[in-house]
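Quick note: my numbering has the sequence shown finishing at residue 417, numbered continuously throughout.
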Amino acid sequence: MNIFRLAGDMTHLFSVLVLLLKIHTIKSCAGISLKTQELYAIVFATRYLDIFTNYISLYNTIMKLIFLGSSFSIVWYMRRHKIVRRSYDKDQDTFRHYFLMLPCLILALIINEKFTFREVMWTFSLYLEAVAILPQLVLLQRTRNIDNLTGQYVFLLGAYRAFYILNWIYRYFTEEHFVHWITWISGLVQTLLYADFFYYYFQSWKNNVKLELPA
Numbered sequence: 203m204n205i206f207r208l209a210g211d212m213t214h215l216f217s218v219l220v221l222l223l224k225i226h227t228i229k230s231c232a233g234i235s236l237k238t239q240e241l242y243a244i245v246f247a248t249r250y251l252d253i254f255t256n257y258i259s260l261y262n263t264i265m266k267l268i269f270l271g272s273s274f275s276i277v278w279y280m281r282r283h284k285i286v287r288r289s290y291d292k293d294q295d296t297f298r299h300y301f302l303m304l305p306c307l308i309l310a311l312i313i314n315e316k317f318t319f320r321e322v323m324w325t326f327s328l329y330l331e332a333v334a335i336l337p338q339l340v341l342l343q344r345t346r347n348i349d350n351l352t353g354q355y356v357f358l359l360g361a362y363r364a365f366y367i368l369n370w371i372y373r374y375f376t377e378e379h380f381v382h383w384i385t386w387i388s389g390l391v392q393t394l395l396y397a398d399f400f401y402y403y404f405q406s407w408k409n410n411v412k413l414e415l416p417a
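Right, dumping it as structure tokens:
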């Protein structure tokens with residue numbers, strides 16, 4: 203494992219910890235899109251179908267369990283926890299996220315590396331992850347004023363994917379025959395979706411002001 207892959211994994215992990223900190227400590231999910239969290243739960247559920255049948259390493263298994271457990275826990279808190287769910291802004295979080303799933307599934311059935319159930323589901327998870335952040339970004343655009351923890355959560359998610367792109371570039375030049383076009387293109391699309399948010403995040407950090415997106 204190279205430093206870029208490790209940085210990506212740790213940044214992804216920190217993003218989850220920041221969100222769980224917000225939910226458990228403040229008992230609030232204000233500014234968080236349930237639609238995005240449900241999509242991430244589906245992403246991990248379809249990506250890690252091999253968790254108990256294909257052992258790679260203890261590290262790999264632990265990370266899979268963390269992301270599976272945390273994603274479904276967050277969805278449960280936002281839907282079922284009496285205090286947390288009161289802070290969920292259902293009226294603003296109206297992105298029809300299920301409409302993202304069908305195109306991703308059709309694309310996975312057409313464009314994949316191997317036409318098997320597990321491979322198609324893995325490819326579907328890549329396509330879905332690329333666009334899963336859209337409901338969250340739309341919600342932030344509508345609410346405009348973003349608290350620190352929510353801003354850090356979204357920033358860390360974007361940074362995780364940026365580190366993975368660096369990881370792929372590094373592996374392309376250091377490992378023979380390392381080419382994964384589906385993963386690369388999906389990751390690039392996902393990272394580009396964060397571009398506008400990154401710009402305003404760095405502007406707020408540079409000027410030491412509260413993060414606020416334009417209408």
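Ideal Cβ placement from N, Cα and C applies to all residues, glycine included.
Item: With burial defined as no fewer than 16 other Cβ atoms inside 10 Å of the residue's Cβ, what is the status of I258: buried or exposed?; Value: exposed
Item: Can you check whether the CB of V277 is closer than 9 Å to the CB of A332?; Value: no
Item: Taking 7 Å as the limit between beta carbons, can you name the residues of its chain near A364, skipping five residues before and five after?; Value: T393
Item: Given a cut-off of 9 Å, decide if Y374 and H214 are closer than it, judged by their beta-carbon atoms.; Value: no
Item: V218: buried (16+ other C-beta within 10 angstroms of its C-beta) or exposed?; Value: buried
Item: Is G233 helix, strand or coil when you go by DSSP?; Value: coil
Item: Under three-state DSSP, which class holds S272?; Value: helix
Item: For the alpha helix (DSSP H) that contains M323, what are its first and last residues?; Value: F319 to V333
Item: Which class does K224 belong to by DSSP, given the choice of helix, strand or coil?; Value: helix
Item: Tell me which same chain residues have a C-beta within less than 7 Å of the C-beta of S343, skipping the five on either side of it?; Value: First, the amino acid is wrong: residue 343 is Gln here, not Ser. Result list for Q343: L415, in chain order.
Item: Any idea what DSSP makes of F254, helix, strand or coil?; Value: coil
Item: Between the Cα of F274 and the Cα atoms of Q239, D295 and Y329, which residue gives the shortest distance?; Value: Q239
Item: Taking only three categories from DSSP, how would you classify T296?; Value: coil
Item: Could you name the residues of the same chain whose beta carbon sits closer than 6 Å to that of S272, not counting the 5 residues immediately before and after it, in chain order?; Value: V218
Item: Exposed or buried, K292, counting other C-beta atoms within 10 Å across all chains shown (16 or more means buried)?; Value: exposed
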